[in-house]
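Encoded as structure tokens, the structure appears first; notes follow it.
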Amino acid sequence: MKKIQLIFLLTFLSVTVFGQISIHGKVVDTQNQPLPGANIYFENTYEGATSDSDGIFQLTSQLEGAQRLKVTFLGYVPYTVAIPAKADTALVITLQPEHNKVDEVVITAGTFGTDDDEQTVTLNAIDILTTPTSEGDIYGALRTLPGTQQVAEDGRLFVRGGEAYETKTFIDGMEMQQPYSSSTPDLPSRGRFSPELFKGTLFGTGGYSAEYGQALSSALILHTIDLPKESFTSIGLLNVGVQGGYTKRFDKASVSASGEYYNLGLNNRINPPRNAFAEDPVQMNGLVHAQVKSGKQGMWKALYSFNHHKLIAPYATSATDRENVALNSTNHYVNTTYRNMLSDTWMIYGGVSGDYYDDRIKMEEGNYHIMDRYSQGRAGLKYLPSEKVKINMGVDANWQDNERSNEAVANREAGFTQRTLATYVEVEFQLGENWAVRLGVRPEYFDLLQKIEVAPRLSLARKTGEHSQLSLAYGAFYQNAPDEYLAFNHQLNAEGAGHFILNYQYSRNKRDFRIETYYKDYQSLVKFNMGQSEYTPAYYTSSGSGYSKGVDLFFRDRKSIPLLDYWIAYSYLDTKRYYRDFPTKVTPGFVAKNTLSVVGKYWIAGWNTQFGFSFTAASGRPYDDPNTPAFMDKKAPVYSNLSLNASHLAYLFGNYTIFYCSVGNVLGRDKPYTYRYSETPNSAGTNERIPVQAETLRSIILGVFIQIK
Amino acid sequence: MKKVALIIVVVVVSTASLWAQNYAGAMQNALAKMGAAKSTTDFVAASQIFERITQVETAKWEPAYYAALSLINGSYTGQEKEKRDQMLDQAQKFIDTCLKRSPENSEAMTLQGYLYQARIGVDGSRGQEFSPKAAGALKQAMAWDANNPRATSLMAMNIFYTPSFYGGGKENALPLFEKAEKLFAEQPKSSSFTPSWGEEMNQHFLQECKK
């Protein structure tokens, strides 16, 4: 009996244990084409098969109970199906193509991403340094992208009809109040930081994320480099100065210190400016930065920069007269940030920064002194539950203390202390395969006004093909009235702008094309009440307004001709403003209707040399002739500039050495950028016309850069 | 007798599952397949077996390691660039899994460097981008284990293919190949599935350097 029982039991067991599952089927793609080589297996088991050249597979198993069959294939979304126990099943499995990162929909309206993780158009540090018009300046290189204006006498970024102050620079998320070196009128300023400090640039020409505020037009988001690969010493010798730096790499940390000293004295003897400087410009920069890696993803960064700039430059007050303007400017900037993953899905980030600057300007009409102290604190959380959903939220607080005085005018001290507190929440998610949505809101409290402005942001992107997509963005943006006006009237509203952007982008095989059209609506711009003294609060009101609309085109090709990389950018801009001292709504003087930039770089491997050219042309900007009743009706000449450079790479005594030469305005085109008029009429009762032009006809930069390991 | 029955039953059941879920057996089978692979299809099929083991043995890094290795080696047999890149994309996922399961694993990081080199294999014009990336990964692998012969050998290969103008070339690569040769000879012959490939390739390059 017991034996029988045992046999019975064994038989019974063998039935359940060896109860077969038998599946045969075919794996196909969405076009019903067979997929050979797909992996078909039972989940959590070793058992599986591979589809043959016709996509057909046969799988038998002794597995007990119901199973889950999984099908995976390179470039396709994995597929899972439940298989009942003891089944004998025939299946046709259709796999959906997986969209790899390049094909994914991303929010692109209004941004030029250059980060590693951004898939749009890229400009890295090397791209910036080798763009001839940049002369090593980040902002100079960005001026070859669409949406920017060529205001060569100023040097700062003017984006889509916005003034220069409407573009804010953020370093690792922290706002930098004074990203440009100070300068005197008609002398262009430059960025304070070397492009080499940054691994990526995100240039938001409009409609940017709710994470950032206080910029009406544009946000330039710079990410500093992570741990450098190794220790090195760098030395640079130029016709305009010297630079040197040392980077020490530790296991999980690094420290760098560098200094720059520029003196235009030598260069001004070789390539004399039109009007000699009474004191040649001298600039000293110092930079210390450190990074510490903690755990797998944690990174702590700290950066301190010092900048001192001194010069006495001639400033034309009439067609023939010049007066000396002396500038003595000091800036300190410190920034420290931290980011880390709290878990697989939560990330924490934050930082504090401080910015101090002190500008002293000596002119015949008086000595100006401007001092600004700014500090910011920020903390946020990112929640990334899946590849398709991203939530970002945080708080952002800043404090600014601004003082200014004119020693020649008694009791003409002015200033303000302003605090703002903002919070932001942004949700980004994908709807199906073809849609991406980003919704954000940024309420911001302005302490001087005791007022809250709520700025909504919305972006949509839709894939229109394998390589193309269409995006739409809307956003409201607020920014404190400019310091020089807020100092006199503390009740000025934050200036506001609404952005509407439509973008189409086609990217394939290292060729990128994009077209973007936008409309911007400005409110609460500072307007002067001309009947009052400019030292009284009543002179400043928030009643200005304006609009800006245009089309930006961009094409970059790194494919058609081997080793040639070129891009073409064209911008059409139509903008009018009724603000400041404007009696009517007109196009401001920094605006050119049409701007074209062509940049090309060609690497000749046999010579180890890269040649670069950039050509920029812009239609004439409007200016006002006070001798005529019409306002801003004159047009300056067309602007054009062709610049060339060459970088030769050599390997001397075991060290990388770059010989660099760049010539700006090679063709020697000698047309003024625009015209100003003397403030006081001459003896004949007319205001004299003064051309605003480059300080030298051609600019020449020569340099040798050595990296010692 | 009931006891015996129970034991037999248990034995029957467990051998069945052992047979199906025998880690060592499955690994050996897959390693043999990979060793014999000639075509892209063979390499992909081998990696698929490793993939199946990877999703069962969630605590082990080796299956994911070999799934990636098989795809990287397979990428050199393919013709279409896009397809080869897809294989490497897939291999990258396995390396990520591997490093997740075993952080600071020198072998996995070596494979990362090997993958970057394979990217150059797909398209030579990527050298400027991927050669430093490969060097970075291999340097990290060597930092985690100074005696890793594969990391040393692949680093030597990176130097070998770098133009002498940039500090590369045969002469600069030779000492590292020699060091790798020594490390290969010393590497412990463990019975488990720890990686042990690369010695032949190292020998080949040693010969090339000495030519």
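Those sequence lines, one after another, are chains L and A.
Okay, so the first sequence: first residue is 57 according to this note's numbering, each after it adds one.
Okay, so the second sequence: first residue is 34 according to this note's numbering, each after it adds one.
Glycine included, each C-beta is placed from N, C-alpha and C at the ideal position.
Here the structure is a predicted model, which means the values were calculated and not measured.
The Cβ atoms of Ala174(A) and Thr195(A) lie no closer than 8 Å to each other. The continuous alpha helix (DSSP H) containing Met190(A) extends over residues 182-194. Taking C-beta atoms as the reference points, Ser385(L) and Asp415(L) count as a pair closer than 8 Å.
Taking the CA atoms as reference points, Lys349(L) sits about 10 Å from Asn396(L). CA-to-CA, the gap between Met120(A) and Ser139(A) works out to about 22 Å. Rounded to whole angstroms, the separation of the alpha carbons of Pro678(L) and Gly606(L) is 17 Å.
If the five residues before and after Leu516(L) are omitted, its C-beta is found closer than 6 Å to the C-beta atoms of Val493, Leu528, all from its own chain and listed in chain order. Your pair Phe226(A) and Glu84(A) does not check out as a contact, with CB atoms roughly 15 Å apart and the cut at 8 Å. For Phe76(A), the enclosing alpha helix (DSSP H) begins and ends at 73-89.
Bounds of the beta strand (DSSP E) holding Phe671(L) are 665-674. Boundaries of the alpha helix (DSSP H) around Glu232(A): 232-243. As the crow flies, the alpha-carbon of Gly300(L) is around 6 Å from that of Gly315(L). Taking the beta carbon of Val89(A) as reference, the chain L residues within 7 Å of it are Asn100, Thr101, Tyr102, listed in sequence order.
By the Cβ-count criterion, Arg633(L) is buried, with 16 or more other Cβ atoms from all chains shown falling within 10 Å of its own Cβ. When the alpha-carbon of Pro221(A) is set against those of Glu113(A), Phe163(A), Leu209(A), Asn181(A), the nearest one is in Asn181(A). Judged by DSSP in its simplified three-state form, Pro208(A) adopts helix. Beta-bridge analysis with DSSP links Gln339(L) to Tyr318(L), His365(L). At least one beta carbon of chain A lies nearer than 8 Å to the beta carbon of Tyr707(L).
In the DSSP assignment, Gln173(A) falls within the alpha helix (DSSP H) that extends over 160-177.
In terms of Cα proximity to Arg498(L), the closest of Gly488(L), Trp491(L), Val483(L) is Val483(L). With 16 or more other Cβ atoms from the protein chains shown falling within 10 Å of its own Cβ, Lys519(L) counts as buried.
Here Asn701(L) has Pro188, Gly668, Ser718 as same chain residues with Cβ atoms under 6 Å from its own Cβ, once five neighbours each way along the sequence are excluded. For Arg745(L), the enclosing beta strand (DSSP E) begins and ends at 745-748. Taking a C-beta distance under 8 Å as the contact criterion, Asn295(L) and Ile757(L) qualify as a contact pair.
The C-beta distance from Val694(L) to Ser670(L) rounds to 17 Å, too long to meet the 8 Å contact threshold. Taking 8 Å as the cut-off, the Cβ atoms of Tyr98(A) and Pro228(A) count as close.
Asn448(L) sits in a strand when the DSSP states are folded into three classes.
In this structure, Ile182(L) is the residue among Gly203(L), Arg124(L), Ile182(L) with its C-alpha nearest to the C-alpha of Asp193(L). Counting the other CB atoms within 10 Å of its CB gives His555(L) a total of 16 or more, which places it among the buried residues.
Around Ile447(L), the same chain offers Tyr439, Val483 as residues with beta carbons nearer than 6 Å, after the five sequence neighbours per side are excluded.
Look at Glu84(A): its C-beta is under 8 Å from a C-beta on chain L. Taking 8 Å as the cut-off, the Cβ atoms of Phe98(L) and Ser78(L) do not count as close.
Ile764(L) is a Cβ neighbour of Thr289(L), given a cutoff of 8 Å. By the criterion of at least three beta-carbon pairs nearer than 8 Å, the stretch 641-657 of chain L is in contact with the stretch 200-212 of chain L. Under the rule that a run must span 3 or more residues, the beta strand (DSSP E) segments found entirely inside the stretch 545-614 of chain L read 551-564, 567-584, 596-613.
If you draw a straight line from the Cα of Tyr595(L) to the Cα of Phe544(L), it is about 9 Å long.
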